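**Student:** This structure is in structure tokens; I'll ask about it shortly.
2 protein chains.
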Amino acid sequence: MSQRIAIIDLGSNTTRLVVYEYEPGRRFHLVEEVREVVRLREGMGNGMALRAAAIERAQQAMRMFASFCRSQGIDDVIMTATSAVRDARNGDSFLARVRAETGWEPRLLSGEDEGYYGALGALNGVGLREGFVIDLGGGSAQIVEVRGGLPGRTVSLPLGALRLSDLFLGYDRAKLAAVDSLSAFLAEQLAPLEWFRARPGDSLVALGGTVRNLARIDQAANNFPLDMVNGYELVAASIVDMAGRYWRMSQKERLRIAGLDVDRADIIQSGALAYAALLEHSGFERITISQQGLREGVFYQRFLAGQPQPVFDDLRQFSVLNLARNFDCDGVHSRHVTTLSLQLFDQLQPAHGLGASYRQLLWAAGMLHDIGIRVDFYYHHHHSAYIIQNSGLPGYSPRELAMIALLAQYHRKGNPKAGGLGTLFSDEDQRALPILAGMLRLSEFLERGRSQVVRAVRCHLDLANGWLQIETLEAGDARIELWDASRNLDVLQRALDLQVELVSGVWLGEQESLTQ
Amino acid sequence: MSQRIAIIDLGSNTTRLVVYEYEPGRRFHLVEEVREVVRLREGMGNGMALRAAAIERAQQAMRMFASFCRSQGIDDVIMTATSAVRDARNGDSFLARVRAETGWEPRLLSGEDEGYYGALGALNGVGLREGFVIDLGGGSAQIVEVRGGLPGRTVSLPLGALRLSDLFLGYDRAKLAAVDSLSAFLAEQLAPLEWFRARPGDSLVALGGTVRNLARIDQAANNFPLDMVNGYELVAASIVDMAGRYWRMSQKERLRIAGLDVDRADIIQSGALAYAALLEHSGFERITISQQGLREGVFYQRFLAGQPQPVFDDLRQFSVLNLARNFDCDGVHSRHVTTLSLQLFDQLQPAHGLGASYRQLLWAAGMLHDIGIRVDFYYHHHHSAYIIQNSGLPGYSPRELAMIALLAQYHRKGNPKAGGLGTLFSDEDQRALPILAGMLRLSEFLERGRSQVVRAVRCHLDLANGWLQIETLEAGDARIELWDASRNLDVLQRALDLQVELVSGVWLGEQESLTQ
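Below, the structure is given as structure tokens:
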């Protein structure tokens, strides 16, 4: 049964309401977002009280959100407040008023809580196992250590980009002395964090508007071919370069930076310097961006309430199944095409030599290859690719997403080529594309009648003589499958540089071994 | 309840199987197509018998199709055969064998039947009321008169493109004498058709691979920005130009024509000359292309069986509702946004002066504006536009489809602009885009809480002073709607060059008159 939940996140600068529609643990999608700038911290100074005008703006927004939830019939509402309310002496009385007006039970998050939920969002957004998550906002920055895929030790530091511009650099061109003061402050804040150091195998994930915008700028400078930041990797050299240049520029000059969010022209220089210091201290050489954060983390705690931990065991698998389910496209046919594709992949291992990560991408493409069919049948392979590319698929990098989309695009016709997405690909990826597409294509046509009549394939490979026989193990009349599959061998044949022939075999039941 | 039907069309050159999933009269979509080239007419000559090899190929394909239907559990199968079987002396015995092997009851279509079903496909594809439909295939061409939106008088002539190449021009560069003979033959065939003449208000619609390909070539030469031919208008001058040039070219030269389907390099010259003669005889100045034909016509007869005639009363309305239903997006919210948009359109008529055809496009955009939401929420306006553009929407021209897509694209943010689609637009269209987008945007935000709390709007217009007040008639707490709508007035304000203000009013029930 589908449920709906609203999550409200009242930050120092912005408040957002999001609504998810979901079946617990099974599928979800975001159906609504309302964002309002309330500048709750405005005029508050250091550790002082929320001001009357700011309170009024925030109350007003909360009343709107309450009205919105009522009118949509959503009674499951989680409201969280973070550093502005936490730091204010009158935060309690502000929340009491919100409670009285709306009937919600507002959650005032500690710095630890904030770090925890942000990390949950990031872990379920990019799939980190070992390393750290940084959530750098306007006021504070949280650093969370992640071990075994779960969030652990957390610290909250006063390193928000807005606050650093406020206290050190100002909003326009900065003086060198100011940059020196900021650098000293950053070093002093980070010095105690002996545990925040890269170990072998660790990764660093970051979230929040500042790092997303640094990534967008980096993408614009590199003609990045996709419109997504989740999973994007920003290298240290690029951040150090931005950190070294932006403080010297006036706001007007910064506004000309391609990819810059105009609302951040006054704080991006501080954010870049903060990230440069974080990288220098921790010794990481790159940052992976997470699009998801606090609100998503709060949602996952609910969505995954049935599990020991609110973190996906297998994020990539869940993302694919979630998208398929949202398009009513997780049926028997997709699963069987996937099964056949993976049988080919495994049995042809000696011929292609591709690693397990490619197998996983082939799995994803198999599950999603028909997802575009309701847009229009004739070009549904293109529509599947469009939907995959634009859906984001948490857990996959842009490069991987591009590969999955291309495999779906070429699952029924055309000569597989990376086109504009090729800039994301290694030589190995370029080689893998037609091989994987050839396997998916053949499997699609072996499942032409959508009846699973070809239960399995058995490959007889003779590499020395450049020859491959594929035996189709049939549990019935597979005429149409053999007919169509036999005219769709060319992609695989060319990609593997093998002579391929299909031979009709008989399915003898589940005891049949598929390994030779 | 969803049903499935398979339709098989055995032509002179190709046979196709299509499968539709549908709820009678309510919604359908194509879920499968299998195409095979069987060259059934090969070696048959004039009025002779189907040859053994051709029969074997066709039988083989029919066995495949039968196996396909069985394995998918489809027992509702309609098989039709056209001119090759009709003209053959042994057609009956061929069909008897198909019947025995498959259990189907094959329908041998007469020239009239063939014209009728092709016309049904075309009428339900582009929405013709008065005029003619031409279906020019490989062997024959059908001309059907359409009056009051229904197919009437029909003739079938031996003017198929393949046959004309065969009998007159050959497949490569032609001689002038051959063209003269062909022209004389065309004139002789058309001369008796006194009734096939353009009357005022008549349109000419054409279908089949030849005219679709002429359209694709015309689009390529004009940098047409969409990938669709349905509803495309091909002007006589362009056809005359192609007819005058292609027969002088070798096949190799023709293969360099941008947009040419390589399978047609040997017959396109004959098709172009046939169309030029058809236009000259009938006096039409343009042809509207229908993507749909015979198979679709057969399907519509089943789909619309509950109606007096198997033609949509309102094709454009049906197309929009069908797409919305296929994406589970025909809910109360979309309908209410549409209602509010149309109230604005009607009441602001003195301010914008746009005609009823724009009102219809606004209706369509209102119904479809959220259709992309399952791809991804944040850019769902873009995804809606993508789906609309690629779904085709029978009954709308490419220009209209572009307008609907753009309105959906700008329904929540951005400054409406036609971009690459602008080449399809008139000056009036360019003016209409931001006006309509402004109305849709305002309506979307007046329905922000998706609760229909703003039941209606009442416009108080003071053109002399450049001033407009919009009263929102509310049946409850419409705080969030007014809040969000008031910050989304800018597009409408700029487009109409009016000072716009929103005022909160009260809904007094259905007796409330919405006209001032």
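If you're matching them up, the sequences are chains A and B in order. With the numbering used here applied, the first sequence covers 1170 to 1685. With the numbering used here applied, the second sequence covers 1170 to 1685. Yeah, the Cβ is synthetic: ideal placement off N, Cα and C, and Gly gets one too. Model, not experiment: these values are computed from the prediction.
When you compare only the Cα positions, how much space is there between A1644 (chain A) and L1667 (chain A)?
**Tutor:** The alpha-carbon atoms of A1644 (chain A) and L1667 (chain A) are separated by roughly 28 Å.
**Student:** Kindly list the residues whose CB is nearer than 6 Å to the CB of P1541 (chain B), restricted to its own chain and excluding five residues on each side of it in sequence; keep chain order.
**Tutor:** Inspection of the sequence shows that residue 1541 (chain B) is occupied by Gly rather than by Pro. So the qualifying residues of the chain are H1549, H1552, S1553, I1556.
**Student:** Specify the secondary structure class of H1538 (chain B) as computed by DSSP and reduced to three states.
**Tutor:** Three-state DSSP puts H1538 (chain B) in coil, outside helix and strand.
**Student:** What whole-angstrom Cβ distance do A1353 (chain B) and V1246 (chain B) have, given they're in contact under 8 Å?
**Tutor:** A1353 (chain B) to V1246 (chain B), Cβ: 44 Å. No contact.
**Student:** CB-CB under 7 Å to A1587 (chain B), same chain, minus the five flanking residues each way: which ones, in chain order?
**Tutor:** For A1587 (chain B), where only same-chain residues beyond five positions count, the Cβ hits under 7 Å are L1575, F1594, Q1599, L1602.
**Student:** Rounded to whole angstroms, what's the CA-CA distance from P1567 (chain A) to L1395 (chain A)? Just pull it up for me.
**Tutor:** The alpha-carbon atoms of P1567 (chain A) and L1395 (chain A) are separated by roughly 7 Å.
**Student:** Once the 5 residues before and after Q1558 (chain A) are set aside, which same chain residues still bring their CB inside 7 Å of it?
**Tutor:** Result list for Q1558 (chain A): L1395, L1570, A1574, in chain order.
**Student:** Between A:G1370, A:L1490, A:R1255, A:G1618, which lies nearest to V1315 (chain A) when the distance is taken from Cα to Cα?
**Tutor:** The shortest Cα separation from V1315 (chain A) among A:G1370, A:L1490, A:R1255, A:G1618 belongs to A:G1370.
**Student:** In terms of DSSP beta bridges, what is M1248 (chain B) paired with?
**Tutor:** Per DSSP, B:I1177.
**Student:** Which residue or residues does DSSP assign as beta-bridge partners of P1320 (chain B)?
**Tutor:** Paired residues: B:V1315.
**Student:** Of the choices B:Q1621, B:F1453, B:K1421, whose alpha-carbon is the least far from that of L1509 (chain B)?
**Tutor:** Here the closest residue by C-alpha is B:Q1621.
**Student:** Quick check on T1684 (chain B): does DSSP put it in helix, strand or coil?
**Tutor:** Note on T1684 (chain B): pLDDT 42, under 50, position unreliable in the model; the coordinate value appears next. Residue state, collapsed to three classes: coil.
**Student:** Residues of chain B with a CB under 7 Å from the CB of L1199 (chain A): which are they?
**Tutor:** The answer, in chain order, is F1546.
**Student:** By the DSSP assignment, the alpha helix (DSSP H) with Y1555 (chain A) in it spans what residues?
**Tutor:** It spans 1549–1560 - the alpha helix (DSSP H) in which Y1555 (chain A) sits, taken as one unbroken run.
**Student:** With 16 other CB atoms within 10 Å as the buried threshold, where does Q1476 (chain B) fall?
**Tutor:** Classification for Q1476 (chain B): exposed.
**Student:** Taking Cβ-Cβ distances below 7 Å as the criterion, which residues of the stretch 1646–1664 of chain A are in contact with chain B?
**Tutor:** Under the 7 Å Cβ criterion, the stretch 1646–1664 of chain A contributes D1646, R1648, I1649, W1652.
**Student:** Enumerate in chain order the residues of its own chain whose CB-to-CB distance from T1323 (chain B) is below 8 Å, with the five nearest sequence positions on each side excluded.
**Tutor:** Excluding sequence neighbours, T1323 (chain B) sits near G1280, E1281, G1284, Y1285, A1288, Q1311, I1312, V1313, E1314.
**Student:** Answer yes or no: does any C-beta atom of chain B fall closer than 7 Å to that of F1237 (chain A)?
**Tutor:** Cβ-Cβ to chain B under 7 Å: yes for F1237 (chain A).
**Student:** Could you tell me which chain A residues have their CB closer than 7 Å to the CB of I1542 (chain B), listed as they occur along the chain?
**Tutor:** Here the neighbours are V1200.
**Student:** Kindly indicate which three-state DSSP category W1652 (chain B) falls into: helix, strand or coil?
**Tutor:** Reduced to three states, the DSSP call for W1652 (chain B) is helix.
**Student:** Sort B:E1670, B:R1173, B:D1178, B:D1244 by Cα distance to G1466 (chain B) and report the nearest one.
**Tutor:** The residue with the shortest Cα to Cα distance from G1466 (chain B) is B:D1178.
**Student:** Taking the alpha carbon of S1634 (chain A) as the reference point, which residue from A:V1669, A:L1605, A:E1616, A:L1658 has its own alpha carbon closest?
**Tutor:** A quick correction: the sequence has Asn, not Ser, at residue 1634 (chain A). With distances taken between Cα atoms, N1634 (chain A) lies closest to A:V1669.
**Student:** Based on DSSP bridge pairs, tell me the residues matched to H1198 (chain A).
**Tutor:** Answer is A:E1190.
**Student:** Run through the stretch 1323–1408 of chain A for me and flag every whole beta strand (DSSP E) of 3 or more residues, listed as ranges in chain order.
**Tutor:** Listed in chain order, they are 1372–1376, 1402–1404.
**Student:** Per DSSP, what kind of secondary structure is Q1621 (chain A) in: helix, strand or coil?
**Tutor:** DSSP places Q1621 (chain A) in coil when its eight states are reduced to three.
**Student:** Output needed in chain order: residues of the stretch 1392–1421 of chain A with a Cβ under 9 Å from some Cβ in chain B.
**Tutor:** If the cut-off is 9 Å between Cβ atoms, the stretch 1392–1421 of chain A has D1396 near chain B.
**Student:** Using a Cβ-Cβ cut-off of 7 Å, state whether I1556 (chain B) counts as contacting chain A.
**Tutor:** Yes, contact with chain A.
**Student:** Can you have a look at R1195 (chain A) and say buried or exposed, based on whether 16 or more other CB atoms are within 10 angstroms of its CB?
**Tutor:** Classification of R1195 (chain A): exposed, given that the 10 Å Cβ count is below 16.
**Student:** Give the straight-line distance between the Cα atoms of Q1512 (chain B) and V1489 (chain B), rounded to the nearest whole angstrom.
**Tutor:** Approximately 20 Å, taken between the alpha carbons.
**Student:** Measure from the C-beta of Q1115 (chain B) to each C-beta in chain A and report whether the shortest distance is under 7 Å.
**Tutor:** The first residue shown for chain B is 1170 and the last is 1685, placing residue 1115 (chain B) beyond what the model contains.
**Student:** Could you give the distance in angstroms between the alpha-carbon of G1296 (chain B) and the alpha-carbon of P1563 (chain B)?
**Tutor:** Using only the alpha carbons, I get a separation of about 8 Å.
**Student:** Which same chain residues end up closer than 7 Å to L1120 (chain B) when comparing Cβ atoms and leaving out the 5 residues on each side of it in sequence?
**Tutor:** Residue 1120 (chain B) lies beyond the residue range present for chain B, which begins at 1170 and ends at 1685; the question has no answer from this structure.
**Student:** Tell me which residues of the stretch 1492–1517 of chain A have at least one Cβ-Cβ distance to chain B shorter than 8 Å, keeping chain order.
**Tutor:** Under the 8 Å Cβ criterion, the stretch 1492–1517 of chain A contributes N1495, F1496.
**Student:** To the nearest angstrom, report how far apart H1450 (chain B) and Q1228 (chain B) are at their CA atoms.
**Tutor:** So the alpha carbons of these two residues sit roughly 40 Å apart.
**Student:** Buried or exposed: where does Q1685 (chain B) fall if 16 or more other Cβ atoms within 10 Å of its Cβ makes it buried?
**Tutor:** Unreliable positioning characterises Q1685 (chain B) in this predicted model, as indicated by a pLDDT of 35, which lies under 50. A coordinate reading is not provided.
**Student:** Closest by CA to L1306 (chain B), which one among B:M1213, B:L1637, B:A1375?
**Tutor:** Just to set this straight, residue 1306 (chain B) is Gly in the shown sequence, not Leu. Answer by Cα proximity: B:A1375.
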